[in-house]
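**Student:**
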Amino acid sequence: MIELLQTYWKPFLYSDGYNYSGLVITLWLLIFSVVLGFLMSIPLSLARNAKMPAIRWSVQAFTTLFRGTPLYLQLLICYSGIYSLALVQDQPLLNSFFRDGMNCTLLAFSINTCAYMCEMLAGALKNVDAGEVEAGKAFGMSKFQVYRHIIFPAAFKQSLPQYSNEVIIVLHSTTIAFTATVADILKVARDANSATYMTFQSFGIAAILYLILSFAIFYGFKKFETYYTAHIVKPHTNRPNMLGLFGKMRKVVRK
Numbered sequence: 001m002i003e004l005l006q007t008y009w010k011p012f013l014y015s016d017g018y019n020y021s022g023l024v025i026t027l028w029l030l031i032f033s034v035v036l037g038f039l040m041s042i043p044l045s046l047a048r049n050a051k052m053p054a055i056r057w058s059v060q061a062f063t064t065l066f067r068g069t070p071l072y073l074q075l076l077i078c079y080s081g082i083y084s085l086a087l088v089q090d091q092p093l094l095n096s097f098f099r100d101g102m103n104c105t106l107l108a109f110s111i112n113t114c115a116y117m118c119e120m121l122a123g124a125l126k127n128v129d130a131g132e133v134e135a136g137k138a139f140g141m142s143k144f145q146v147y148r149h150i151i152f153p154a155a156f157k158q159s160l161p162q163y164s165n166e167v168i169i170v171l172h173s174t175t176i177a178f179t180a181t182v183a184d185i186l187k188v189a190r191d192a193n194s195a196t197y198m199t200f201q202s203f204g205i206a207a208i209l210y211l212i213l214s215f216a217i218f219y220g221f222k223k224f225e226t227y228y229t230a231h232i233v234k235p236h237t238n239r240p241n242m243l244g245l246f247g248k249m250r251k252v253v254r255k
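Position 118 (the sequence shown) corresponds to 118 in UniProt numbering; numbering is contiguous.
(1) Please report how far the alpha carbon of Asn193 lies from the alpha carbon of Ile176, in whole angstroms.
(2) What's the C-alpha gap between Met40 and Cys114?
(3) Hey, Gly81 and Ala180 are a contact pair by Cβ (cut 8 angstroms); roughly how many whole angstroms apart?
(4) Let me know the alpha helix (DSSP H) ranges lying completely inside the segment 180-233, each 4 residues or longer, listed in chain order.
(5) Short of 7 angstroms in beta carbon distance, which residues of its chain neighbour Ile25, apart from the five on each side in sequence? Order them along the chain.
(6) Taking 7 angstroms as the threshold (C-beta atoms), are Leu75 and Ala122 in contact?
(7) State the DSSP-derived secondary structure class of Ser142, mapped to helix, strand or coil.
(8) Among Asp129, Phe32 and Asn19, which one has its Cα closest to the Cα of Leu171?
(9) Spell out a yes or no on whether the segment 84-92 and the segment 152-169 are touching, meaning 3 or more CB-CB pairs, one atom from each, closer than 8 angstroms.
(10) Would Pro70 be called buried (16 or more neighbouring beta carbons within 10 Å of its own) or exposed?
(11) Alpha carbon to alpha carbon, how far is Phe144 from Met117?
(12) Taking the alpha carbon of Asn112 as the point to measure from, which residue in Leu125, Arg67 and Arg99 has its own alpha carbon closest?
(13) Give me the Cα-Cα distance between Pro43 and Ser159, rounded to the nearest whole angstrom.
(14) Where does the unbroken alpha helix (DSSP H) through residue 257 begin, and where does it stop?
(15) Once DSSP output is grouped into helix, strand and coil, what is the label at Tyr72?
(16) Might you give, ordered along the chain, the residues of its own chain that have their beta carbon closer than 8 angstroms to the beta carbon of Asn19, omitting 5 neighbours on each side?
The following block contains the structure:
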């Protein structure tokens, strides 16, 4: 284990000597996919709840397609399938984009994350208290102000626990990035295993890194949720106070 770390600690953390690799690439895939997926899910979640059936069904078809097919298959289509099309190869911009494995991986992860976040946010938007919306309208807020100050904050608070789970799922999904020759943590572990035949140690280090990242994400979301919902008054349960109960019993006995 020590010999493996002495040789591969840099590739596991940030660089293989030529390009970024390992932990840095995994974090880049995670952050980019989650942020872009969330930004794309905002307008799509509104369209998902639109009154026009054509718009609503179009978004539903999109989310069903990307939630109903494996992410691994989507990555293969982006990395190998789309680039094989003559239309893509004839266009210099598309050719250079889909020839890069990192671009294809970011595209596949972002769209897949967007599909899941769209459904989560659309469901949360439906559950916003109608009384709060009516109160905002009664104060003279415009439709945009109601969405900005009431509907979206309330929906985001409701879906925050689900977002934390989705981010951890995206982290675990980055393990298939090596398919597109992206040097993430798992690819470094595979390379280390191929060079040293230290299978348990190589993949054990990768597992530890993923475990640390998962714990950091979970802890960060719990802290953010506590801070973001600090103003919400939580109901207090009337638990019996044992000292007070004994005091009442003494008074009854003395009487």
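All C-beta atoms, glycine included, are put in the ideal place defined by N, C-alpha and C.
Computed from a predicted model, the values in this text were never measured in an experiment.
**Tutor:** Reading it off the structure:
(1) 17 angstroms
(2) C-alpha separation (whole angstroms): 6 angstroms.
(3) Rounded, the Cβ-Cβ distance is 12 angstroms, inconsistent with contact.
(4) With a minimum length of 4 residues, the continuous alpha helix (DSSP H) runs that stay inside the segment 180-233 are 185-196 and 199-228.
(5) The beta carbon of Ile25 sits closer than 7 angstroms to those of Val182, Ala183 and Asp184, all from its chain and outside the five residues before and after it, given in chain order.
(6) no
(7) coil
(8) Phe32
(9) Short answer: they don't touch.
(10) exposed
(11) 21 angstroms
(12) Arg67
(13) Going by the C-alpha atoms only, they are around 16 angstroms apart.
(14) Since the displayed the chain opens at 1 and closes at 255, residue 257 lies outside it and no answer follows.
(15) Tyr72 falls in the helix class under three-state DSSP.
(16) Ala183
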